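Okay, so here's the structure we're looking at.
Number of protein chains: 2
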Amino acid sequence: MSLRHTILGFLSIKPLSGYDLKRYFDASVRHFWSADQAAIYRTLNELGQNGLVEHERVAQETRPDRKVFHVTPSGLAELDSWLATPAPSVTRREPLLVKLFFSSRLEPAAWRAVVEAELQSVETELATLGQIVAAIEGDAPNQDPAVLVGPLVTLSNGVETGLAYRDWLRGLLVLQASNALSAPTLLAALKARLES
Amino acid sequence: MSLRHTILGFLSIKPLSGYDLKRYFDASVRHFWSADQAAIYRTLNELGQNGLVEHERVAQETRPDRKVFHVTPSGLAELDSWLATPAPSVTRREPLLVKLFFSSRLEPAAWRAVVEAELQSVETELATLGQIVAAIEGDAPNQDPAVLVGPLVTLSNGVETGLAYRDWLRGLLVLQASNALSAPTLLAALKARLES
DNA sequence: AGCGAGTATATGATACATCCTATATAAACC
DNA sequence: GGTTTATATAGGATGTATCATATACTCGCT
Numbered sequence: 000m001s002l003r004h005t006i007l008g009f010l011s012i013k014p015l016s017g018y019d020l021k022r023y024f025d026a027s028v029r030h031f032w033s034a035d036q037a038a039i040y041r042t043l044n045e046l047g048q049n050g051l052v053e054h055e056r057v058a059q060e061t062r063p064d065r066k067v068f069h070v071t072p073s074g075l076a077e078l079d080s081w082l083a084t085p086a087p088s089v090t091r092r093e094p095l096l097v098k099l100f101f102s103s104r105l106e107p108a109a110w111r112a113v114v115e116a117e118l119q120s121v122e123t124e125l126a127t128l129g130q131i132v133a134a135i136e137g138d139a140p141n142q143d144p145a146v147l148v149g150p151l152v153t154l155s156n157g158v159e160t161g162l163a164y165r166d167w168l169r170g171l172l173v174l175q176a177s178n179a180l181s182a183p184t185l186l187a188a189l190k191a192r193l194e195s
Numbered sequence: 000m001s002l003r004h005t006i007l008g009f010l011s012i013k014p015l016s017g018y019d020l021k022r023y024f025d026a027s028v029r030h031f032w033s034a035d036q037a038a039i040y041r042t043l044n045e046l047g048q049n050g051l052v053e054h055e056r057v058a059q060e061t062r063p064d065r066k067v068f069h070v071t072p073s074g075l076a077e078l079d080s081w082l083a084t085p086a087p088s089v090t091r092r093e094p095l096l097v098k099l100f101f102s103s104r105l106e107p108a109a110w111r112a113v114v115e116a117e118l119q120s121v122e123t124e125l126a127t128l129g130q131i132v133a134a135i136e137g138d139a140p141n142q143d144p145a146v147l148v149g150p151l152v153t154l155s156n157g158v159e160t161g162l163a164y165r166d167w168l169r170g171l172l173v174l175q176a177s178n179a180l181s182a183p184t185l186l187a188a189l190k191a192r193l194e195s
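For the record, the sequence lines run as chains Y and E.
When you line the first sequence up against numbering that gives the first Met the number 0, it's residues 0 to 195, in that order.
When you line the second sequence up against numbering that gives the first Met the number 0, it's residues 0 to 195, in that order.
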C-alpha cells in the first residue's frame, strides 16, 4: 500500500505533522497520488504501532499544539526496500472508457458532450501541472537540485500522459465531426500504431 | 460506481450469467476495467434488489444450471442516463511515481532496474492489446460495425496511452544513461512541452 | 459575545475491491 | 473411487478510500 510509503518518504525528508502531510499531499503529489485526512491520520497511527515512525508534541505560541512525526531507522529501511522494488501492476479503472465502450447507446450529441467535458477536464489538469512546474522553478534556487529530480520526473509523466490523452480526445472529436468514427478506420489506425 | 453500469451495459447487449460476465470482463474490458467474481455476484444481487435486472434459471444438459440475468426497462433507463453524464474525475494513484518522486534515496542501478521492470510491463500490456485487436478483427465479419466502434475506441486509448508511457520510460532511461537526468534539463523540457 | 476562518487532531460510517473459501454439477482420466 | 478440470454460484474476511462528523485552539471582525 503506497500511502504508507509516500508518508514515510515525506518523513524521510523532514519531521512533519498530520496536518503538514495533508498539505504536502495536496501541493506536491496530487498529480499521481492523493490522501484524505482520515487516511493520513489512520496510517500514521498504524505506522507508529509498527515502530516505523514516532512522534513528539510540539507546543506553538498562537496555534494549537502540533503532533510531529519522524521516521525511525526501521521506517527508513522499510522505505528504501520498497523504493527498490519494481512497482506492482496497477489495475486501470476509467469511467469515461466504460461510457465510450457502450457508446452505441449514446446519441452523437451526447457522446460529443461527454468527450468535450473530459477534454476540458484534461486541459484544466494540464494547466494545474504548469502551475506546479512554475512554483518549483521559482523555488529552485532554494532547493538541492538532486532532490528536485524525482518530483520533476513525476511531473514530466503527468505532462506527457496528459498531452497524449488530450491529443487522443481531440482526435476523437475530429473523427466524429468528419463522420470517420467507424470500425474499419479505427482498426486500420490501431494496427498501424501497434506496429510503430 | 461504474461496475454497476458496466454490468448493465453488457446486459443491455444480451442476457448473461454471472459467470459469463466474468469472462466478458476478462476478455473485452480489462484494459480499462476489471471485476472479480465476488464483486460481480454482489453487484448483480444489488441490481436485482433495486429492480434494474431480473434473472431466470436456465437448465443445461451437461453443465450445472445457469442463472441468467437480463436488464429491466428501468435498468436501461439508468444505464442511458449514466452514459450521457460526463465522467467523474478519476484520482490517479501510481506507485511507480511515488518511487520516482523519492528517487534521491535510490542507487542509480536500483532506479534503472525499477524503470526497466515497468517498461517491460508496459510492453507486455501493449502486446496484449495487440492480441485483443487481432481477435476483434478476426471476428469483425460476425459483428455489427456500429457496436464495434465503442470497444475499438477504448482500445485506441489503451494503445495511445501505452505508447506514450513506453516512450516516456524509454526517454528516462536514455537521460539517465547520458547523465542528463538533472533538474535544469527536466525543467526546460517540461516548460517546452507545456507550451505545445 | 458570537461568528468565521485557519490551524490541528481524531474517528465513525460506508462503499468498493481483493483475497479466501465454499458448494454443486459434470466429464475425463488413472 | 478419487483426482483434476471446467462450469457455475455464493459469501466471509480484510484492506483501503471517501464522506461525514467532532473537538480544540487562536485570531480578527462585527
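For each residue, glycine too, the CB sits at the ideal point set by N, CA and C.
Source: prediction; values computed, not measured.
Residue i burial status per 10 Å Cβ neighbour count (16 or more: buried)
| i | result |
| --- | --- |
| G149/E | buried |
| N156/E | buried |
| P94/E | buried |
| G170/E | exposed |
| G50/Y | exposed |
| G161/Y | buried |
| G17/E | buried |
| V114/E | buried |
| V132/Y | buried |
| V173/E | exposed |
| T184/Y | exposed |
| R3/E | buried |
| T42/E | buried |
| S73/E | exposed |
| S1/E | buried |
Host beta strand (DSSP E) of residue i (start-end)
| i | result |
| --- | --- |
| K66/Y | R65 to V70 |
| H54/Y | V52 to V57 |
Within-7 Å CB hit, residue i to chain Y
| i | result |
| --- | --- |
| F31/E | yes |
| A134/E | no |
| G206/E | Any property of residue 206/E remains undetermined from this structure, which presents chain E solely from 0 to 195. |
| P107/E | no |
| T153/E | yes |
| S73/E | no |
| A37/E | no |
| G8/E | yes |
| L20/E | no |
| A182/E | yes |
| G210/E | The question about residue 210/E has no answer, for chain E in this structure spans 0 to 195. |
| E122/E | no |
| L118/E | no |
| P140/E | no |
| P220/E | This structure gives no information on residue 220/E, because the portion of chain E shown stretches from 0 to 195. |
| R91/E | yes |
Residue-chain proximity (residue i, chain E), Cβ-Cβ < 7 Å
| i | result |
| --- | --- |
| L96/Y | yes |
| D79/Y | yes |
| F24/Y | no |
| L99/Y | yes |
| T61/Y | no |
| N156/Y | yes |
| S177/Y | no |
| L186/Y | yes |
| V57/Y | no |
| A189/Y | It is worth fixing the name first, because residue 189/Y is Leu in this sequence and not Ala. Output row for L189/Y: interface = yes. |
| G129/Y | yes |
| A145/Y | yes |
| T42/Y | no |
| L46/Y | no |
| V67/Y | no |
Start-to-end residues for the alpha helix (DSSP H) that takes in residue i
| i | result |
| --- | --- |
| E122/E | P107 to D138 |
| V173/E | P144 to A176 |
| D19/E | G17 to Y23 |
| N44/E | Q36 to Q48 |
| L186/Y | A182 to E194 |
| F9/Y | S1 to I12 |
| F100/E | P94 to F100 |
beta-carbon residue i near the ligand GTP non-hydrogen atom, thresh 6 Å
| i | result |
| --- | --- |
| T127/Y | Looking at this structure, you won't find the ligand GTP or any other ligand, since it has none at all. |
Three or more beta-carbon pairs under 8 Å between the stretch 23 to 41 of chain E and the stretch 92 to 105 of chain E, yes or no? no
If we count Cβ pairs, one from each stretch, closer than 8 Å, do we get three or more for the stretch 70 to 89 of chain E versus the stretch 40 to 55 of chain E? yes
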